[in-house]
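Participant: In my numbering, the protein residues as written are 366 to 526.
From the three backbone atoms N, C-alpha and C, an ideal C-beta is built for every residue, glycine too.
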Amino acid sequence: MLNKLSDSRNYQKQKAKVAKIYEKITNQRLDFLHKLSFNIIKNHDVIAIEDLNIKGMVKNRKLAKAINASSWSVFTIMLAYKAEWYDKALVRIDQWYPSSKTCSGCDYVLGKDDLKLSDRLWDCPRCLQTHDRDINASINILNQGLILVKQSKTVGAIGLA
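(1) Quick test of the definition: if touching needs 3 or more C-beta pairs under 8 Å, does the segment 386 to 405 touch the segment 422 to 432?
(2) Between which residues of its own chain and Leu507 is the CB-CB distance below 7 Å, once the five residues before and five after are set aside?
(3) Determine, using beta carbons only, whether Ile406 and Tyr451 come nearer to each other than 8 Å.
(4) Can you give the Cα-Cα distance for Thr495 and Tyr376, rounded to whole angstroms?
(5) Using a Cβ-based criterion (distance less than 7 Å to any ligand heavy atom), does Ile506 qualify as near the ligand FMN?
(6) Would you say Phe308 and Lys447 are within 8 Å of each other, going by their C-beta atoms?
(7) Going by DSSP, what residue range makes up the alpha helix (DSSP H) through Asp396?
(8) Buried or exposed, going by whether 16 or more other CB atoms sit within 10 Å of the CB of Trp487?
Shown next as structure tokens:
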């Protein structure tokens with residue numbers, strides 16, 4: 366009588382080796398996230414992040430593996446508790462804030478259908494400045510975060526993590 370593959374000794378040894386490799390990769394990723402989050406917290410007093418719908422983004426088959434591997438939610442959790450430990454401000458910007466569509470130079474906001482996801486560069490119709498979509502969004506998120514931090518010092522902890 367033949368044994369099932371899962372009962373085989375060599376199969377069990379290989380399974381243990383693979384598990385050990387995956388555990389090492391997980392530990393390396395977590396180590397990187399800890400070091401990166403500490404470095405960001407140590408060097409900056411105000412950290413502004415966009416509060417993304419990660420669950421919705423993971424439903425995209427093409428991006429799901431990369432998003433899960435990068436552990437965005439774990440990274441934001443690390444930033445939040447380390448910011449609290451070191452008395453730094455972590456500001457979460459609403460996911461519906463039009464960071465990509467707002468001109469960082471003159472605050473002009475493009476219309477709903479004016480900027481497609483495939484458009485990486487766009488020109489502001491008001492000030493004629495050319496913007497890279499991601500760099501422009503990062504500038505706008507930082508500016509919005511600084512505004513929220515100033516408001517929270519007088520009003521309360523609005524938008525702070």
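Facilitator: Short version:
(1) no
(2) Within the sequence shown, numbered from 1, the residue matching residue 507 stands at position 142. The answer, listed in chain order, is Ala413.
(3) The sequence position of residue 406 within the sequence shown is 41, counting from 1. The sequence position of residue 451 within the sequence shown is 86, counting from 1. Yes, these two residues count as a Cβ contact at 8 Å.
(4) Position 130 of the sequence shown, counted from the first residue, corresponds to residue 495. Position 11 of the sequence shown, counted from the first residue, corresponds to residue 376. Using only the alpha carbons, I get a separation of about 58 Å.
(5) Looking at this structure, you won't find the ligand FMN or any other ligand, since it has none at all.
(6) Nothing about residue 308 can be reported from this structure: the residues present for the chain run from 366 to 526 only.
(7) Position 31 of the sequence shown, counted from the start, is the residue given in the question as residue 396. Where Asp396 is concerned, the enclosing alpha helix (DSSP H) stretches over 374 to 408.
(8) As a position in the sequence shown, residue 487 is number 122, starting the count at 1. By the neighbour-count rule (16 or more Cβ atoms within 10 Å), Trp487 is buried.
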